[in-house]
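Engineer: Please read through the structure below; I'll follow up with questions.
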Ligand code: SF4
C-alpha cells in the first residue's frame, strides 16, 4: 500500500514514502520538472564511492523515451562532487538490434545524447566488444547458484541504477529490478533468463517468412509453407516478435519462471556492492525502451523516486502508477505482472 510519511524531506514537492526501506519521491504530478529535484534526491541517498557503474538504458535506435541525458548528467555531476569516478554503462542485447556489440551500442548512445563529452564521464559497454566479457557471481538463489554479470559492472566499486519506469511485454512493467537483472547481464546471462520462452505463430500465420531475417540464431525456417521453429537454436530473445507485419507471432512460455530468473540475476548484480537506485516515472509507455520506435505516452508524468532498496523502489513506483491510473494498470503491458520476489 502506498503510504506517505507526511514529511517533506527535500522541498515542497518531495516526500518520504513508507515501505520496507525508505523511498524518496519527487512529485511531478502538479509541477513542472526542475533539475534541482535530482540534487534533493541525491542528498537523501548514501554516498557511493570509487569507480561507480551508472547503469542506464540508452534506448534502442529510434526510441527516444529512455531517461533524458540532462537528468543523467546531473546525477553524474553529484557523484563527481562526492569524489566518485562514475562511468555510464549498459550491456549487449540478446535480440538483433543496434546494441548487439559495443561499437553500434556506443553509436546508438551517442545518437541519444550520451557521450564522454556530453556527460563528463566515460561510456563503457560493460560486457566488452562482443558481449562476451562477464564474471560468474555466486548467489543463493532458488534457481541459480551462479549468475553471469558483465565484467565492468562486477569490477566496479559501487553501482547506481537509473531506470525508466514503463510497461514491458514479459514482466508487465520495467523498473529497477529489470534494469539490474536483465540489464547487467551479458547475452549469455540474458539467454539463461529467456530460455523458458519461445515464439509461437498464431492461426493467421501464412508462412510468408518476413520474420526469418530477424533471427540471428537461425531458429526460424519455412517448411511446406509453414513457419518452423528449431527449439535447439531458439534463445527466447523475442527479437522475431515485432518482425511479423501481421502481428502473428507471440512469445509464450513460463512468464513467472522468467520473472523469477530475472529477479535472481538482479540479486547477482548488486552482490557485495554499495548501490543506490533512481526510478524515473516520466514518458511512460506501454512497451520498453528496446522497441525500435518512439511510442505514444500512456500516462502523465508522475515523478522521480530514489532508494537503496530496488524492491521497495519498484513497489512504490507501481503503487504510484496504479494510484494515478486506477484499475487501468493493465495498460502497462500485456501480462499481469507477478509480485516482485527477489530476496534482499
Ligand atoms: S526464433 Fe527464438 S532466437 Fe530467433 S529471434 Fe525469435 S525468439 Fe529469438
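In the numbering used here, the protein residues as written are 5 to 348.
Glycine is no exception: its CB is placed at the ideal position from the N, C-alpha and C atoms.
Given a cut-off of 8 angstroms, decide if residue 105 and residue 152 are closer than it, judged by their beta-carbon atoms.
Structural biologist: Taking 8 angstroms as the Cβ cut-off, residue 152 and residue 105 do not qualify as a contacting pair.
Engineer: Please report the Cβ distance between residue 156 and residue 130, rounded to the nearest whole angstrom; I am assuming they are in contact, meaning their Cβ atoms lie under 8 angstroms.
Structural biologist: Their Cβ separation, rounded to whole angstroms, is 4 angstroms, which keeps residue 156 and residue 130 in contact under 8 angstroms.
Engineer: Roughly how many angstroms separate the alpha carbons of residue 158 and residue 207, rounded to a whole number?
Structural biologist: Whole-angstrom Cα-Cα distance: 45 angstroms.
Engineer: CA-CA distance, residue 325 and residue 229?
Structural biologist: About 45 angstroms.
Engineer: If residue 123 and residue 92 are in contact, beta carbons under 8 angstroms, what's the gap, nearest whole angstrom?
Structural biologist: About 6 angstroms separates the two Cβ atoms, so the contact holds.
Engineer: Assign residue 64 to one of two classes, buried (16 or more other C-beta atoms within 10 Å of its C-beta) or exposed (fewer than that).
Structural biologist: Residue 64 should be labelled buried.
Engineer: On the DSSP bridge list, what partners appear for residue 22?
Structural biologist: BP columns for residue 22 point to 26.
Engineer: Rounded to a whole number of angstroms, what is the C-alpha to C-alpha distance between residue 312 and residue 251?
Structural biologist: If you take the alpha carbons of residue 312 and residue 251, they lie about 40 angstroms apart.
Engineer: Let me confirm a value: residue 236 is counted as buried when at least 16 other C-beta atoms fall within 10 Å, else exposed. Which label applies?
Structural biologist: Answer is exposed; the Cβ neighbour count stays below 16.
Engineer: Have a look at 234, 318, 308 and flag the residue whose alpha-carbon is nearest the alpha-carbon of residue 38.
Structural biologist: It is 308.
Engineer: Buried or exposed for residue 87, please, with buried defined as at least 16 other CB atoms from any protein chain shown within 10 angstroms of its CB.
Structural biologist: Under this definition residue 87 is an exposed residue.
Engineer: According to the neighbour-count rule (16 or more other Cβ atoms, all chains shown, within 10 Å of its Cβ), is residue 28 buried or exposed?
Structural biologist: It counts as buried.
Engineer: Buried or exposed, going by whether 16 or more other CB atoms sit within 10 Å of the CB of residue 304?
Structural biologist: By the neighbour-count rule (16 or more Cβ atoms within 10 Å), residue 304 is not buried but exposed.
Engineer: Please confirm whether any heavy atom of the ligand SF4 lies closer than 7 angstroms to the CB of residue 223.
Structural biologist: Yes, the Cβ of residue 223 comes within 7 angstroms of a heavy atom of the ligand SF4.
Engineer: CB-CB under 6 angstroms to residue 178, same chain, minus the five flanking residues each way: which ones, in chain order?
Structural biologist: So the qualifying residues of the chain are 170, 172, 292.
Engineer: Who are the near neighbours of residue 248 in its chain, counting only those whose CB is closer than 7 angstroms to its CB and skipping five residues on each side?
Structural biologist: Cβ neighbours of residue 248 beyond the five flanking positions: 214, 215.
Engineer: Helix, strand or coil for residue 148? Go by DSSP, reduced to three states.
Structural biologist: Here residue 148 sits in coil by DSSP.
Engineer: I need the DSSP call for residue 87, collapsed to helix, strand or coil.
Structural biologist: DSSP places residue 87 in coil when its eight states are reduced to three.
Engineer: Would residue 160 and residue 55 qualify as a contact pair, given that the criterion is a beta-carbon distance under 8 angstroms?
Structural biologist: Contact: yes.
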